Amino acid sequence: MTSTGNDITYRMSSRAFQDFLAGRITEEQFRHFLGDAEGGSTVGRFLDQGFMISEITFEKGSVDEDDDTLVLRFSKDPAAQSFE
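Now the structure itself:
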(Lines of atoms letter the chains of each structure in order from A; the text may use other names.)
(Lines give C-alpha, C1' and ligand atoms only; values in the text may rest on other atoms or scores of the structure.)
Protein backbone atom coordinates (compact mmCIF):
# COMPACT_ATOMS: atom_id res chain seq x y z
CA MET A 1 0.00 0.00 0.00
CA THR A 2 1.25 3.47 -0.88
CA SER A 3 -0.29 6.82 -0.05
CA THR A 4 0.21 10.17 -1.76
CA GLY A 5 -1.95 12.96 -0.38
CA ASN A 6 -5.50 12.25 -1.47
CA ASP A 7 -4.76 8.92 -3.18
CA ILE A 8 -4.02 5.44 -1.83
CA THR A 9 -2.75 2.57 -3.96
CA TYR A 10 -3.54 -0.93 -2.68
CA ARG A 11 -2.23 -4.12 -4.30
CA MET A 12 -3.56 -7.65 -3.94
CA SER A 13 -2.96 -11.07 -5.42
CA SER A 14 -5.31 -11.68 -8.33
CA ARG A 15 -5.21 -15.40 -7.55
CA ALA A 16 -6.33 -14.88 -3.94
CA PHE A 17 -9.08 -12.51 -5.12
CA GLN A 18 -10.36 -15.04 -7.66
CA ASP A 19 -10.18 -17.89 -5.12
CA PHE A 20 -12.24 -15.77 -2.70
CA LEU A 21 -14.87 -14.92 -5.33
CA ALA A 22 -15.07 -18.59 -6.34
CA GLY A 23 -15.62 -19.68 -2.73
CA ARG A 24 -12.38 -21.67 -2.58
CA ILE A 25 -11.09 -19.69 0.40
CA THR A 26 -12.92 -18.06 3.30
CA GLU A 27 -13.04 -14.35 4.05
CA GLU A 28 -10.64 -14.99 6.93
CA GLN A 29 -8.15 -16.70 4.61
CA PHE A 30 -8.50 -13.90 2.06
CA ARG A 31 -7.83 -11.27 4.73
CA HIS A 32 -4.75 -13.24 5.77
CA PHE A 33 -3.43 -13.15 2.18
CA LEU A 34 -4.04 -9.38 2.11
CA GLY A 35 -2.23 -8.89 5.39
CA ASP A 36 -5.25 -7.36 7.16
CA ALA A 37 -5.08 -7.34 10.93
CA GLU A 38 -7.54 -9.56 12.74
CA GLY A 39 -10.92 -7.89 13.05
CA GLY A 40 -9.97 -5.01 10.80
CA SER A 41 -10.59 -4.38 7.16
CA THR A 42 -8.10 -2.11 5.43
CA VAL A 43 -10.57 -1.31 2.66
CA GLY A 44 -13.25 -0.66 5.29
CA ARG A 45 -10.96 1.87 6.99
CA PHE A 46 -10.39 3.58 3.63
CA LEU A 47 -14.17 3.93 3.20
CA ASP A 48 -14.56 5.22 6.77
CA GLN A 49 -11.94 7.89 5.96
CA GLY A 50 -13.81 9.00 2.83
CA PHE A 51 -11.81 7.13 0.18
CA MET A 52 -13.58 5.42 -2.73
CA ILE A 53 -12.20 3.21 -5.48
CA SER A 54 -11.31 5.49 -8.38
CA GLU A 55 -9.36 3.09 -10.59
CA ILE A 56 -8.62 -0.62 -10.90
CA THR A 57 -5.74 -1.94 -13.00
CA PHE A 58 -4.17 -5.33 -13.60
CA GLU A 59 -0.40 -5.91 -13.48
CA LYS A 60 0.80 -9.02 -15.23
CA GLY A 61 3.42 -10.95 -13.27
CA SER A 62 6.81 -11.55 -14.84
CA VAL A 63 7.92 -14.94 -16.13
CA ASP A 64 9.47 -15.69 -12.72
CA GLU A 65 6.29 -14.83 -10.79
CA ASP A 66 3.39 -17.23 -10.44
CA ASP A 67 0.74 -14.57 -9.74
CA ASP A 68 -0.59 -11.33 -11.16
CA THR A 69 -1.63 -8.28 -9.16
CA LEU A 70 -4.83 -6.27 -8.92
CA VAL A 71 -4.08 -2.62 -8.20
CA LEU A 72 -6.85 -0.58 -6.59
CA ARG A 73 -6.53 3.17 -6.41
CA PHE A 74 -8.61 5.00 -3.82
CA SER A 75 -9.27 8.75 -3.92
CA LYS A 76 -10.96 11.11 -1.47
CA ASP A 77 -14.66 11.46 -2.23
CA PRO A 78 -16.66 14.08 -0.31
CA ALA A 79 -19.83 12.01 -0.78
CA ALA A 80 -18.25 9.12 1.15
CA GLN A 81 -17.33 11.23 4.16
CA SER A 82 -19.55 11.73 7.16
CA PHE A 83 -20.99 15.17 7.83
CA GLU A 84 -19.70 16.94 10.90
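For the sequence shown, position 10 matches number 10 in UniProt numbering, and the numbering has no gaps at all. Glycine included, C-beta positions come from ideal geometry on N, C-alpha and C. Quick caveat: nothing in here was measured; it's all calculated off a predicted structure.
Opening and closing residue of the alpha helix (DSSP H) in which residue i lies
| i | result |
| --- | --- |
| residue 45 | 42-48 |
| residue 28 | 27-34 |
Beta carbon of residue i nearer than 9 angstroms to that of residue j
| i | j | result |
| --- | --- | --- |
| residue 13 | residue 69 | yes |
| residue 71 | residue 26 | no |
DSSP state of residue i mapped onto helix, strand, coil
| i | result |
| --- | --- |
| residue 14 | helix |
| residue 7 | strand |
Cα-Cα separation, residue i to residue j
| i | j | result |
| --- | --- | --- |
| residue 77 | residue 11 | 20 angstroms |
| residue 51 | residue 73 | 9 angstroms |
| residue 65 | residue 7 | 27 angstroms |
| residue 23 | residue 5 | 35 angstroms |
Beta strand (DSSP E) segment containing residue i, residue limits
| i | result |
| --- | --- |
| residue 71 | 69-76 |
| residue 62 | Where residue 62 is concerned, there is no enclosing beta strand (DSSP E), given that its DSSP letter is neither H nor E. |
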